[in-house]
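Residue numbers (this note's numbering): 54 to 539.
Set out below in structure tokens:
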């Protein structure tokens with residue numbers, strides 16, 4: 054396998070990374086990461102204190118150059134979760150920015166402060182494609198977080214497939230403010246530009262003003278999650294209270310080549326508002342920690358709001374019934390679980406051979422995501438099997454389409470849909486709604502009728518619960534298990 058980062062070997066003066074007012078060219082990054090890589094050779098595994106900083110990017114690249122698996126750690130991690138990850142992954146040392154205060158659980162690990170100094174050695178040998186590149190821990194929603202072992206071939210395969218789907222080149226300048234302890238921000242958002250030989254401008258922390266500034270100053274691509282695009286949509290609509298931001302933001306977004314949203318579904322009304330204000334559509338893609346990227350709306354394809362596009366090059370995808378029977382229908386209605394296979398898959402769950410075996414149907418990975426396929430093979434996800442597939446009155450219903458219908462009601466700001474046991478229906482649909490105006494909640498019966506008119510009568514909510522906010526994780530995903538516990 055060739056180098057993960059061919060542009061590093063050239064050592065050019067072209068811009069590679071910029072975080073705020075701190076930046077590195079490809080030559081400077083090659084020196085800093087190369088010098089650090091030499092110090093990591095015997096570490097076994099290295100933990101990376103993954104703050105949204107230049108040091109995290111340098112540390113991760115150094116580990117990859119050294120052929121040492123990197124374990125990114127969420128800087129907001131809790132004590133119990135940290136202890137579990139350290140015991141499970143057994144890193145040999147911790148990489149952090151100088152001055153970072155680390156939790157007590159990391160005190161027993163040798164620490165290396167990541168700096169921009171040093172000179173790159175002669176080129177280090179390239180590890181084999183099967184060698185672990187990163188160990189990224191799942192969110193732990195169904196038990197203790199599992200360490201997903203991602204091989205180098207998976208990283209390369211996903212980034213090269215996105216090059217094809219998005220027309221991603223060395224001329225692109227990516228802008229984002231995503232956290233760097235997970236796949237979206239770190240692998241796609243940092244390693245992606247470096248593999249292409251392009252540039253990254255990280256905002257440090259997402260802000261509407263930061264997006265407008267960087268896109269207006271030459272940024273060509275924007276990565277974000279739905280929460281971020283919702284805030285952009287509010288600013289475009291003048292509903293965020295920032296005053297004159299809308300016109301400047303619209304011009305900046307209109308000048309971008311590609312807007313990409315991931316990690317959760319982007320509501321249709323945000324799609325429509327952004328497209329109307331800027332003339333630019335938002336492209337959605339679908340991936341998981343275990344699979345990296347599976348599908349995407351292609352940059353050269355017609356707009357497809359509400360879908361995650363088609364399988365990426367090299368990725369095979371199928372839908373199956375609960376008994377494992379493959380679904381051949383492309384009717385946009387028949388719901389099945391997504392299974393995938395291809396070079397983008399993880400190797401194993403670290404120290405969990407039982408969980409690894411259970412995750413596969415032969416060589417097909419069971420994603421746990423439910424979807425339908427439309428004409429042309431486009432995939433539309435309707436939710437997670439565990440929390441978003443509702444079996445009511447003999448129907449299989451995806452929570453996602455009901456949520457989108459609710460969001461089209463003017464009285465609804467946010468919505469999440471779950472199922473709860475029902476003696477007659479098996480499960481009944483429950484809508485958790487954040488009202489647009491807390492002082493004037495919409496009528497629950499009117500909301501149910503609105504959904505029934507948009508979709509079908511059997512998809513209407515049987516119960517509506519008003520809440521002040523929906524619980525979300527660091528990536529903006531709604532944590533529905535917390536709703537069910539209320």
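Note that CB positions come from ideal geometry on N, CA and C, so glycine has one too.
Next on the checklist: Starting from residue 339, trace the beta strand (DSSP E) in both directions and tell me its first and last residue.
Outcome noted: 335 to 341
Checklist entry - residue 223 by DSSP, collapsed to three states: which one? => result coil
Item to check | Buried or exposed (CB count within 10 angstroms, at least 16 for buried), residue 260 | outcome: exposed
Next on the checklist: As a quick exercise: from 131, 167 and 70, pick the residue whose alpha carbon is nearest that of residue 158.
Outcome noted: 131
Checklist entry - Can you tell me whether DSSP reads residue 297 as helix, strand or coil? => result Here residue 297 scores only 49 on pLDDT, less than 50, and its place in the model is too uncertain to base an answer on.
Item to check | Start-to-end residues for the beta strand (DSSP E) that takes in residue 347 | outcome: 345 to 349
Item to check | Limits of the unbroken beta strand (DSSP E) element including residue 445 | outcome: 442 to 445
Item to check | the stretch 323 to 342 touching the stretch 250 to 258, judged by at least three CB pairs closer than 8 Å | outcome: no
Next on the checklist: Need the endpoints of the beta strand (DSSP E) that residue 78 sits in, please.
Outcome noted: 75 to 78
Checklist entry - If you draw a straight line from the alpha carbon of residue 318 to that of residue 444, how long is it in whole angstroms? => result 21 Å
Checklist entry - With burial defined as no fewer than 16 other Cβ atoms inside 10 Å of the residue's Cβ, what is the status of residue 502: buried or exposed? => result exposed
Next on the checklist: Runs of 3 residues minimum, wholly inside the stretch 370 to 417: which ones carry the beta strand (DSSP E) assignment?
Outcome noted: 389 to 394
Next on the checklist: Quick check on DSSP: helix, strand or coil for residue 166?
Outcome noted: strand
Checklist entry - Using DSSP with H/G/I as helix, E/B as strand and the rest coil, what is residue 539? => result Because residue 539 sits at a pLDDT of 45, beneath the cut-off of 50, its placement in the model cannot be relied upon, and the point is left open.
Checklist entry - Straight-line CA distance for residue 320 to residue 494? => result 21 Å
Checklist entry - In whole angstroms, what is the alpha-carbon distance linking residue 124 and residue 101? => result 6 Å
Checklist entry - If we count Cβ pairs, one from each stretch, closer than 8 Å, do we get three or more for the stretch 161 to 172 versus the stretch 372 to 391? => result no
Checklist entry - Once you ignore the five residues that flank residue 431 on each side, which residues in its own chain have a CB closer than 7 Å to its CB? => result 357, 360, 362 and 363
Next on the checklist: Am I right that residue 246 and residue 227 are in contact with their C-beta atoms under 8 Å? What's the rounded C-beta distance?
Outcome noted: 5 Å
Checklist entry - How about the stretch 138 to 146 and the stretch 110 to 119: do they share at least three Cβ pairs that are nearer than 8 Å? => result no
Checklist entry - Counting pairs of beta carbons, one from the stretch 364 to 371 and one from the stretch 388 to 399, are three or more of them closer than 8 Å? => result yes
Next on the checklist: residue 85 and residue 93 - do their beta-carbons sit closer together than 8 Å?
Outcome noted: no
Next on the checklist: Is the separation between the beta-carbon of residue 333 and that of residue 274 shorter than 8 Å?
Outcome noted: no
Item to check | Residues near residue 89 by beta carbon distance below 6 Å, same chain, minus five either side | outcome: 115
Item to check | Whole-angstrom distance between residue 504 and residue 307, CA atom to CA atom | outcome: 33 Å
Checklist entry - Can you name, in chain order, every residue of its own chain whose Cβ lies under 7 Å from the Cβ of residue 56, other than the five neighbours on each side? => result 62 and 179
Checklist entry - Does DSSP put residue 236 in a helix, in a strand, or in coil? => result helix
Checklist entry - What does DSSP give as the partner residues of residue 276 in its beta bridges? => result 313
Item to check | residue 512 burial status per 10 Å Cβ neighbour count (16 or more: buried) | outcome: buried
Checklist entry - Grouping DSSP H, G and I as helix and E and B as strand, with all else coil, what is residue 257? => result coil
Checklist entry - Going by other Cβ atoms of all chains shown within 10 Å of its Cβ, with 16 needed for buried, is residue 437 buried or exposed? => result buried
Checklist entry - Where do the ends of the alpha helix (DSSP H) carrying residue 565 lie? => result Beyond the ends of the chain as shown, which are 54 and 539, falls residue 565; an answer cannot be given.
Checklist entry - Going by other Cβ atoms of all chains shown within 10 Å of its Cβ, with 16 needed for buried, is residue 264 buried or exposed? => result buried
Checklist entry - In terms of DSSP beta bridges, what is residue 281 paired with? => result Bridge partners of residue 281: none, in fact.
Checklist entry - With 16 as the cutoff for other CB atoms within 10 Å, does residue 296 come out buried or exposed? => result With a pLDDT of only 49 at residue 296, under 50, the local geometry of the prediction cannot be trusted, and no value is derived from it.
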